[in-house]
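Residue numbers (this note's numbering): 35 to 354.
Where a beta carbon is used, it is the ideal one built from N, C-alpha and C, also for glycine.
For reference, the structure is listed below as structure tokens.
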């Protein structure tokens, strides 16, 4: 499990880097296909547009992603409501253990057990949990869930995942722009360029159709890796992996669908909020899951708990 933490971090950042290269490269190829071989400058125009849009949307996401996520989910601040004292104390305690400022604390009025973290950094973050989760979990399970979300905050996953949303949005937008405007471009230049121009056009159209699917799969793969990482780091925070393991089993056994959940932010939650839990259904359906299978997450945490017990037993024996 500890080796997986380091491996998942490295692989996730590598995938995000390749994702950015993919977006910019897509802008170049589509621009080149649009202008044809007689106007190669269009490739650089496409590259520049993709880069500018990426920067602009990146800034917007950086500063507004948390408020959008909280608004869309219907989250409200708990304030001084005595009903949520246990929830507040748990968040504050886990924040101290993680060495980060206490996030703003929100609640979502929904019977489905779930939670998510959002924000751009530990200093500007928020955690939201549903009333269903708060009612269902005992103290150790709630600590496990909050520690999982706090790990997303501490590791900057909240910003990391927001940026992948932006990148996927850029890919979809570029594809849509190309497919809508291609038919209105100057086709005379394309005919003059011969077979080379035709090949570029075919490549551009194929890329515009396939790219959004590839981008979505990359985003989902990144999200699944971050969930494994947050599970492991959350368990390290509480020193009790079975708390989160038990919480995930309860969440996985609940069939309620969140009323205000949507596909755009489904990957932010601790578990899939829209339908059947991850890992159920066909292999094709699992490809598009926002989360790794709960059964696999529980199994990893249980193995981690076994390692904790072995370490503790070894420490006790070494004293005698």
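Cut-off 8 Å between Cβ atoms - residues of its own chain near residue i, not counting five sequence neighbours on either side
i, result
"residue 97", "154"
"residue 307", "146, 148, 291, 292, 295, 300"
"residue 173", "120, 124"
"residue 246", "202, 205, 206, 209"
"residue 78", "62, 65"
"residue 273", "342"
"residue 286", "305, 311, 328, 329, 332"
"residue 85", "58, 61"
"residue 284", "147, 170, 171, 175"
"residue 122", "112, 139"
"residue 165", "141, 142, 143, 144, 145"
"residue 313", "Because the pLDDT of residue 313 is 49, which lies under 50, any placement of that residue in the model is unreliable, and the question is left without a value."
"residue 115", "none"
"residue 48", "none"
Nearest-angstrom Cβ-Cβ length linking residue i and residue j, presumed shorter than 8 Å
i, j, result
"residue 75", "residue 61", "Not really, about 13 Å apart at Cβ, beyond 8 Å."
"residue 113", "residue 142", "Residue 113 to residue 142, Cβ: 15 Å. No contact."
"residue 207", "residue 128", "About 38 Å separates the two Cβ atoms, so there is no contact after all."
"residue 204", "residue 91", "6 Å"
"residue 257", "residue 195", "6 Å"
"residue 88", "residue 57", "6 Å"
According to DSSP, residues forming a beta bridge with residue i
i, result
"residue 303", "150"
"residue 272", "Answer by DSSP bridge pairing: none, since residue 272 is not bridged."
"residue 163", "141, 149"
"residue 111", "140"
"residue 158", "155"
Residue j beta carbon less than 8 Å from that of residue i
i, j, result
"residue 163", "residue 288", "no"
"residue 161", "residue 137", "yes"
"residue 152", "residue 100", "yes"
"residue 277", "residue 178", "yes"
"residue 267", "residue 106", "no"
"residue 175", "residue 305", "no"
"residue 264", "residue 186", "yes"
"residue 103", "residue 302", "yes"
"residue 327", "residue 261", "no"
Reference residue i; option with closest CA among the options
i, options, result
"residue 13", "57, 131, 53, 65", "Because residue 13 is not part of the residues shown, which for the chain are 35 to 354, the question remains open."
"residue 324", "198, 99, 280, 336", "198"
"residue 44", "275, 189, 248", "189"
"residue 259", "59, 191, 126, 298", "191"
"residue 52", "248, 126, 139, 93", "248"
"residue 159", "170, 139, 165, 244", "139"
"residue 181", "169, 126, 170, 165", "126"
Residues near residue i in its chain [Cβ-Cβ closer than 7 Å; skip 5 each side]
i, result
"residue 293", "144"
"residue 167", "147, 148, 149, 179"
"residue 225", "Confidence at residue 225 is low in this model, with a pLDDT of 48, below 50, so its placement is unreliable and the value that follows should be read with caution. Hits under 7 Å: none found."
"residue 156", "134, 135, 187, 188"
"residue 110", "140, 141"
"residue 236", "none"
Cβ shell of residue i (< 6 Å), same chain only, five flanking positions each side left out
i, result
"residue 279", "332, 335, 336"
"residue 131", "271"
"residue 118", "112"
"residue 80", "61, 62, 64, 65"
"residue 275", "269, 335, 338, 339"
"residue 243", "none"
Residue i beta carbon near the ligand MG (any heavy atom closer than 7 Å)
i, result
"residue 299", "The ligand MG is not part of the structure shown, which contains no ligands of any sort."
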